[in-house]
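To keep things clear, I will list the structure first and then write my remarks on it.
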Amino acid sequence: MSVLASVWQWFADPSHWQGENGVPTRIVEHVQLSAESVLIGAVIALPLGIALGHYGRFGNLAINISNVGRSVPSFAILVVAFQIFGLGDLPVILALTALAIPPMVTNSYVALREVDPDVRDAARGMGYRELAQLFRVELPLAVPLLMAGIRTSAVQVVATATLAALIAGGGLGRYIIDGFGQQNYPMMISGAILVALLALATEVSLSAVERLLVPRGIRLLMAPKMRRATSFKVA
Amino acid sequence: MNRRPIWLITVLAAAATLAAACGSSGGGSASKGTITIGGFDFAESSVLSQLYGQALARDGYTVNYKLRLGNREVVAPALKAGQIDMYAGYSATELEYYNGKLGEASSDVTATTAKLNLRLQPLQLEALTPSAAVDQNAFAVPKAIAQKYNLTKLSDLAAVGSQLVLGGPAECPTRPFCQPGLEKTYGIHFKSFKALDADGPLTRAAFANGSIQVGLVFTTDSDLGKLGLVVLQDDKHLENADNVVPIIRTKVATDEVKTVLNRISANLTTEELITMNGQVELLHQDPDAVARAFLQQHKYFGG
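If you're matching them up, the sequences are chains A and B in order. Under numbering that gives the first Met the number 0, think of the first position of the first sequence as 0, with each following residue one higher. Under numbering that gives the first Met the number 0, think of the first position of the second sequence as 0, with each following residue one higher.
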């Protein structure tokens, strides 16, 4: 109870909500780091996964390679990148991008593979060329799983961006690291709560984006299948 | 695969023979007794342990080393339990450890060591005469900054602090020896504070890319000169007296042992400690070789 009360007090203190160490500043830093990493990751991972899924070749290879990437701890990447690039955002973004790529590669590959072969054949039969088939038939059908991959990546990245504080960076991890160093446990717990809330907010807002992206007809048509696919993240 | 065990056994046997040979030769014909020296898990502690240990061995004691045991929370209990007989400590930090962080330590080394001995007595322990060598917190600035603002001591920072960023461990803004002390004792108000580490790689990187101009370092740090950093003199005595001081079990501390150890402490200076730390940390020499060279230089062998 006393812990909860002290955490509540921490949140209630107006001085924690302003200035360069205030919650709004830290959230902006955290979101910025995470967004940059997920964007860079998406630019690399989505074309790769989509191309592999579309052609249906080298899929296992790509997924296994990207899973190897997953098993390298972000912390290790961060430390090595820090040795090379020094202080700043770059080592953090490298580590987070490496974390963001695998779920997006895997999900986009599976999303394209999952497109019903009959639908592909029908598209071909109606005279769609390769690219038109991909963009107008396969991708709209793949959006739900694609977005599930992006969501998984984004949530992981938001939760892991706390690592930035380990190399003197900003973001919400600052509260956790500083709270630990100063033995200010209310600050530490508040930081952890803020990260969890931000990760939840990421999940919710990306779900909203997904709802906007899926064409209405497909959404209605695939409603039961889609729900299964997204909740059963193939990642 | 089959060969590996044989190799291992050969190597182990060789090592054991060597160790036995060293042990017998170190003790001489008639050992005056066995003293076990423990050490903290950083290079300087190993150097100090070797200095005290080799001097004792030279005097005819059999010395066992248990170096790099861990932090004080590991080493001090080992001393109390008699698993080690002595270690090279630091006056103020030892006092604050043994008194349960009462804040009794000061920048006065004599007073601090006297208070430390009051705490050690009931534990059958003793702090000997502290050395002039000090390993304590200090604040460093890059040479260019020091020249630009004409800085040599911490009180010089008061006028220009508002233009400079301070870097240090995350706890610095709440610890009396760090930011609050600089504000209260020296009236230095920095532009901002950047949470890094205690004189580690982050602090070095932050100095290198100019994101801090003042940083917390340790006085015996060997690569400050190489990094182009200047330590500002603590002219108003903010920092506690962390002079090197042997902490030893009273049972072991005979007059002869004390004489040998005090002679080492009396000969040791901060500059020499910095040099020896550098030989170990930067040139990757063995602490025992570095200590031997120091003792030879001070004519402990055949002198």
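Every residue, glycine too, gets a C-beta built ideally from N, C-alpha and C.
| Asked | Found |
| --- | --- |
| Gln181 of chain A: contacting residues in chain B (beta-carbon distance under 8 Å) | Ala169, Glu170, Pro172 and Thr173 |
| C-beta contact flag for Leu267 of chain B and Pro245 of chain B at 9 Å | no |
| Range covered by the alpha helix (DSSP H) that runs through Arg248 of chain B | Arg248 of chain B -> not in any alpha helix (DSSP H); beta strand (DSSP E) instead, spanning Val243 to Arg248. |
| Inter-residue spacing [alpha-carbon to alpha-carbon] between Thr258 of chain B and Glu170 of chain B | 40 Å |
| Contact set for Val114 of chain A: own chain, Cβ-Cβ below 7 Å, skip 5 residues either direction | Glu137, Leu140 and Ala141 |
| Distance CB(Gly180 of chain A)-CB(Glu28 of chain A) smaller than 9 Å | no |
| Status (buried if at least 16 other CB within 10 Å, exposed otherwise) for Asn149 of chain B | exposed |
| Bounding residues of the beta strand (DSSP E) (the contiguous stretch that carries Tyr86 of chain B) | Met85 to Tyr89 |
| Contact list for Asn208 of chain B against chain A, beta-carbon separation under 8 Å | Gly85, Leu86 and Gly87 |
| Proximal chain B residues relative to Glu113 of chain A, where beta-carbon distance stays under 7 Å | Near Glu113 of chain A there are no residues of chain B at all, since even the closest Cβ is about 46 Å away, more than 7 Å. |
| For Ala164 of chain A, the nearest candidate out of A:Ala131, A:Arg135, A:Phe81 and A:Asn63 (CA to CA) | A:Phe81 |
| Cβ-based burial, Met125 of chain A [other Cβ within 10 Å; buried from 16] | exposed |
| Classification of Leu3 of chain A by the beta-carbon crowding that lies within 10 angstroms, buried from 16 upward | exposed |
| Endpoints, beta strand (DSSP E) assigned at Thr35 of chain B | Thr33 to Phe39 |
| Every unbroken alpha helix (DSSP H) inside the segment 64-103 of chain A [4 residues or more] | 73-84 |
| CB of Pro64 of chain B within 9 Å of CB of Thr33 of chain B, strictly | The amino acid at residue 64 of chain B is misidentified as Pro; the sequence shows Tyr. Not in contact: Tyr64 of chain B and Thr33 of chain B (Cβ atoms no closer than 9 Å). |
| Contact belief for Ile144 of chain B with Gln232 of chain B at Cβ below 8 Å, rounded distance in angstroms | About 15 Å separates the two Cβ atoms, so there is no contact after all. |
| Chain B within 9 Å of Phe10 of chain A, Cβ atoms only | no |
| Chain B contact for Ala167 of chain A (CB, 9 Å cutoff) | yes |
| Segment contact, 8 Å Cβ cut-off, at least three pairs: the segment 51-66 of chain B with the segment 96-110 of chain B | no |
| Leu335 of chain B versus A:Ile62, A:Ala195, A:Asp177 and A:Met186, residue with shortest Cα-Cα distance | Past the edges of chain B, shown from 0 to 302, lies residue 335 of chain B, and the structure says nothing about it. |
| Member of A:Leu98, A:Leu86 and A:Ser107 whose CA lies at the smallest distance from the CA of Leu47 of chain A | A:Ser107 |
| Coil, strand or helix - Val2 of chain A by DSSP | helix |
| Beta bridge counterpart(s) of Glu125 of chain B as assigned by DSSP | B:Ile247 |
| For Lys250 of chain B and Leu117 of chain B, the rounded distance between their alpha carbons | 17 Å |
| Short Cβ contact (9 Å threshold) for Asn136 of chain B with Val216 of chain B | yes |
| Reference Ser48 of chain B; option with closest CA among B:Gly88, B:Gln296 and B:Ala75 | B:Gly88 |
| Segment contact flag, the segment 182-194 of chain B with the segment 89-107 of chain B, C-beta cutoff 8 Å, min 3 pairs | no |
| Glu280 of chain B to Ser221 of chain B span [Cα, whole Å] | 8 Å |
| Three-state class that DSSP yields for Gln232 of chain B in the structure shown | strand |
| Residues of the segment 192-217 of chain B whose Cβ lies closer than 7 Å to any Cβ of chain E, in chain order | Among the protein chains in the structure shown, which are A and B, there is no chain E. |
| Alpha-carbon spacing of Leu290 of chain B relative to Gln53 of chain B, whole angstroms | It is Ala, not Leu, that sits at residue 290 of chain B in the sequence shown. Going by the C-alpha atoms only, they are around 8 Å apart. |
| Spatial distance of Gln284 of chain B from Leu294 of chain B (CA atoms) | 16 Å |
| Same chain, Cβ closer than 7 Å to Gly37 of chain B, five either side skipped, listed in chain order | Lys65, Leu68, Val74, Ala77, Leu78, Ile83 and Tyr86 |
| Assigned exposure category for Thr253 of chain B - 16 Cβ within 10 Å defines buried | exposed |
| Residue of A:Met146, A:Tyr174 and A:Pro214 minimising C-alpha distance to Glu202 of chain A | A:Met146 |
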